[in-house]
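Q:
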Amino acid sequence: MTHVSPARNLPDSSKAAPAVKALYGGKSSRRVTVRDIAAAKERGERWPMLTAYDATTASVFDEAGIPVMLVGDSMGNCHLGYESTVPVTMDEVTILAAAVVRGTSRALIVGDLPFGAYQEGAVQALRNATRLVKEAGVGAVKLEGGERSAHQIELLVRSGIPVMAHVGFTPQSVNAYGGHPVQGRGEEAAQQLLRDAKAVQDAGAFAVVLELVPAELAAEVTRSLHIPTVGIGAGPDCDAQVLVWTDMAGLTGGRVPRFVKQYADLRRTLGDAARAFADDVVGGHYPAEEHSYH
Ligand code: KIV
Numbered sequence: 002m003t004h005v006s007p008a009r010n011l012p013d014s015s016k017a018a019p020a021v022k023a024l025y026g027g028k029s030s031r032r033v034t035v036r037d038i039a040a041a042k043e044r045g046e047r048w049p050m051l052t053a054y055d056a057t058t059a060s061v062f063d064e065a066g067i068p069v070m071l072v073g074d075s076m077g078n079c080h081l082g083y084e085s086t087v088p089v090t091m092d093e094v095t096i097l098a099a100a101v102v103r104g105t106s107r108a109l110i111v112g113d114l115p116f117g118a119y120q121e122g123a124v125q126a127l128r129n130a131t132r133l134v135k136e137a138g139v140g141a142v143k144l145e146g147g148e149r150s151a152h153q154i155e156l157l158v159r160s161g162i163p164v165m166a167h168v169g170f171t172p173q174s175v176n177a178y179g180g181h182p183v184q185g186r187g188e189e190a191a192q193q194l195l196r197d198a199k200a201v202q203d204a205g206a207f208a209v210v211l212e213l214v215p216a217e218l219a220a221e222v223t224r225s226l227h228i229p230t231v232g233i234g235a236g237p238d239c240d241a242q243v244l245v246w247t248d249m250a251g252l253t254g255g256r257v258p259r260f261v262k263q264y265a266d267l268r269r270t271l272g273d274a275a276r277a278f279a280d281d282v283v284g285g286h287y288p289a290e291e292h293s294y295h
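Residue numbering for the sequence shown follows the numbering used here, starting at 2 and increasing by one per position.
1. Keeping to the same chain, check which residues put their C-beta closer than 7 Å to that of N129; ignore five residues upstream and five downstream.
2. Within 10 angstroms of its Cβ, does A98 collect 16 or more other Cβ (buried), or is it exposed?
3. Extract the residue ranges of the alpha helix (DSSP H) inside the stretch 223 to 268, only unbroken runs of 4 or more that lie entirely within it.
4. Rounded to the nearest angstrom, how far is the Cβ of A166 from that of V201, given a contact under 8 Å?
5. To the nearest angstrom, how far is it from the Cα of G234 to the Cα of P88?
6. Whole angstroms are fine: how far does the CA of T105 sit from the CA of R32?
7. Determine the extent of the alpha helix (DSSP H) in which T131 is found, giving its start and end residues.
8. Taking the alpha helix (DSSP H) that K199 belongs to, which residues open and close that run?
9. Can you tell me whether L11 is helix, strand or coil according to DSSP?
10. If the criterion is Cβ atoms closer than 8 Å, does the pair L133 and V124 meet it?
11. Cα-Cα, which of P258, P237, A151 and E290 is closest to V121?
12. Does the contact criterion of 3 or more C-beta pairs under 8 Å hold for the stretch 153 to 171 versus the stretch 207 to 216?
13. Tell me which residue opens and which closes the beta strand (DSSP E) that A166 is part of.
14. Whose C-beta lies closer than 6 Å to the C-beta of V261 among residues of the same chain, with five residues either side of it excluded?
15. Leaving out the 5 sequence neighbours to the left and right, which residues in its chain are closer than 8 Å to V5 when beta-carbon positions are compared?
16. In whole angstroms, give me the CA-to-CA distance for L157 and A206.
17. Can you name, in chain order, every residue of its own chain whose Cβ lies under 7 Å from the Cβ of C239, other than the five neighbours on each side?
18. Comparing the CB of V94 with every heavy atom of the ligand KIV, is any distance shorter than 7 Å?
19. Within the same chain, show all residues whose beta-carbon is closer than 6 Å to that of V243, passing over the 5 residues directly before and after it, in chain order.
20. Excluding the 5 residues flanking A277 on each side, which residues of the same chain have their C-beta closer than 6 Å to its C-beta?
21. Between which two residues does the beta strand (DSSP E) harbouring G112 extend?
22. Taking only heavy atoms of the ligand KIV into account, decide whether any of them is closer than 7 Å to the Cβ of D74.
23. Would you report the Cα separation of E1 and R256, rounded to the nearest angstrom?
24. Regarding D113 and the ligand KIV, is the C-beta to nearest heavy atom distance less than 7 Å?
25. Can you tell me whether P288 is buried or exposed, with buried defined as 16 or more other CB within 10 angstroms of its CB?
26. Does the ligand KIV have even one heavy atom less than 7 Å from the beta-carbon of L71?
27. Check whether the Cβ of P172 sits closer than 7 Å to any heavy atom of the ligand KIV, and report yes or no.
28. Determine the direct distance from the alpha carbon of E188 to that of G140, and round the result to whole angstroms.
29. If you check the beta carbons only, do L195 and S225 fall under 8 Å apart?
30. Just to confirm my understanding: we take T58, look at its own chain, exclude 5 residues before and 5 after, and list those with CB closer than 7 Å. What are they?
31. Can you find a heavy atom of the ligand KIV that lies under 7 Å from the Cβ of I233?
Written as structure tokens, this is what we have:
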């Protein structure tokens, strides 16, 4: 095959979204680090995060200037055909995270620890996070849970692995929730969410995802933390926003959650392309003279 691997297509910084160039440290071609993320919070700068599950798509986002990509366990339902994130394994995350790292040269790549990879305790978390750092080359890991995951976060951070935490709705507990309820509604639940966010900050997390949280509560959490909050269904006042890329680009089939904004209609575009190719092949129009060798 003569195709060029995405990793060899170095991102052209002139194509990056102007709003996020600062996070890259001007013209620097190094990767974004957790120190850049901390500095952005101090400067009051917002930043975008997208999920990515393969090298080619990640290279497009890298070139567009997306400073942080999450190889999320959302790969389960968005990429691997599972019903939820629950069945995703360490092997699957490691292989896909390595591909995303190979496809990028500037973004900070965060690898998700899947369900069952850290719940046993801090030592199990360290073993699996170390695997993601060494085998896939990620710059940070993410895990779910507030107070309940503080021990795991503490050991990873003490061992030199940056951790992004995740509170509010935590998809790996979907079976316990019995659905996708908004979290932190009511005084008691709001106080618990604030305690969870504080606990992961105190444990050393460099950022925290807030998922499905009322906008007013997310704003309060964001004001009360010195680490950035990354909102998904958590209103406009978080320091950063994350979307699952297939939702953002309109590739996901069926209904998407209310918080999703679709910036493209890739499902239609790709379907149209596939139908046009099929018509050309059946009609004898492809390959044409210019596609043939003699
Ligand atoms: O796995 C994932 O993609 C996530 C984001 C939705 C934050 O956890």
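Built from N, CA and C at the ideal position, the CB exists for glycine as well.
A: If we stick to the structure as given:
1. The residue given as residue 129 occupies position 128 in the sequence shown. Only M91, L114, A118 and Y119 meet the Cβ criterion.
2. Translated into the one-based positions of the sequence shown, residue 98 becomes position 97. Label assigned to A98: buried.
3. 246 to 249
4. Position 165 of the sequence shown, counted from the first residue, corresponds to residue 166. Position 200 of the sequence shown, counted from the first residue, corresponds to residue 201. Rounded, the Cβ-Cβ distance is 4 Å, consistent with contact.
5. Mapped onto the sequence shown, residue 234 falls at position 233. Mapped onto the sequence shown, residue 88 falls at position 87. Their Cα atoms are separated by approximately 24 Å.
6. In the sequence shown, counting from the first residue as 1, residue 32 sits at position 31. In the sequence shown, counting from the first residue as 1, residue 105 sits at position 104. Their Cα atoms are separated by approximately 9 Å.
7. Working through the sequence shown from its first residue, we reach residue 131 at position 130. Taken as a continuous stretch (DSSP letters only), the alpha helix (DSSP H) holding T131 covers A123 to R132.
8. Translated into positions along the sequence shown, residue 199 becomes position 198. E188 to A204 is the extent of the alpha helix (DSSP H) around K199.
9. Here residue 11 is taken as the residue at index 10 of the sequence shown, counted from 1. Residue confidence for L11 is low, a pLDDT of 49 falling below 50, so the modelled location carries little weight; the figure read from the coordinates is stated next. Three-state DSSP puts L11 in coil, outside helix and strand.
10. Start at 1 with the first residue of the sequence shown, and residue 133 comes out as number 132. Start at 1 with the first residue of the sequence shown, and residue 124 comes out as number 123. No. Outside cutoff.
11. Within the sequence shown, numbered from 1, the residue matching residue 121 stands at position 120. The sequence shown places Glu at residue 121, rather than the Val named in the question. Looking at the Cα atoms, A151 is the closest of the given residues.
12. yes
13. Here residue 166 is taken as the residue at index 165 of the sequence shown, counted from 1. Looking at the DSSP string, the run of the beta strand (DSSP E) that includes A166 is V164 to G169.
14. Within the sequence shown, the letter at position 260 stands for residue 261. Around V261: D248.
15. The residue given as residue 5 occupies position 4 in the sequence shown. With a pLDDT of only 45 at V5, under the threshold of 50, the placement of this residue in the model should not be trusted, and no figure is reported.
16. For the purposes of this step, residue 157 is identified with residue 156 of the sequence shown, where counting begins at 1. For the purposes of this step, residue 206 is identified with residue 205 of the sequence shown, where counting begins at 1. Cα to Cα, the separation comes out at about 9 Å.
17. Taking the first residue of the sequence shown as position 1, residue 239 is located at position 238. Cβ within range, chain order: L211, A219, T223, T230, V231 and G232.
18. Start at 1 with the first residue of the sequence shown, and residue 94 comes out as number 93. Not under cutoff, so the answer is no.
19. As a first step, residue 243 is located in the sequence shown; it is residue number 242 there, counting from the start. If we look at V243 and ignore the five residues flanking it on each side, its Cβ neighbours are M50, V231 and I233.
20. The sequence position of residue 277 within the sequence shown is 276, counting from 1. Around A277: no qualifying Cβ.
21. Position 111 of the sequence shown, counting from 1, holds the residue named residue 112. Taken as a continuous stretch (DSSP letters only), the beta strand (DSSP E) holding G112 covers L109 to D113.
22. Reading the sequence shown from its first residue, position 73 is the one you call residue 74. Yes, the Cβ of D74 comes within 7 Å of a heavy atom of the ligand KIV.
23. Nothing can be reported for residue 1: it is not among the residues displayed for the chain, which extend from 2 to 295.
24. For the purposes of this step, residue 113 is taken as the residue at position 112 of the sequence shown. Yes.
25. Looking up residue 288 in the sequence shown gives position 287. Exposed.
26. Position 70 of the sequence shown, counting from 1, holds the residue named residue 71. For the ligand KIV, at least one heavy atom lies less than 7 Å from the Cβ of L71.
27. Within the sequence shown, the letter at position 171 stands for residue 172. Result yes, Cβ under 7 Å from the ligand KIV.
28. In the sequence shown, the residue the question calls residue 140 occupies position 139. In the sequence shown, the residue the question calls residue 188 occupies position 187. Cα-Cα distance, rounded: 36 Å.
29. Here residue 195 corresponds to residue number 194 of the sequence shown, with the count starting at 1. Here residue 225 corresponds to residue number 224 of the sequence shown, with the count starting at 1. For L195 and S225, yes; Cβs fall inside 8 Å.
30. If you number the sequence shown from 1, residue 58 lands on position 57. For T58, where only same-chain residues beyond five positions count, the Cβ hits under 7 Å are W246.
31. Indexing the sequence shown from 1 puts residue 233 at position 232. Flag set: Cβ of I233 near the ligand KIV.
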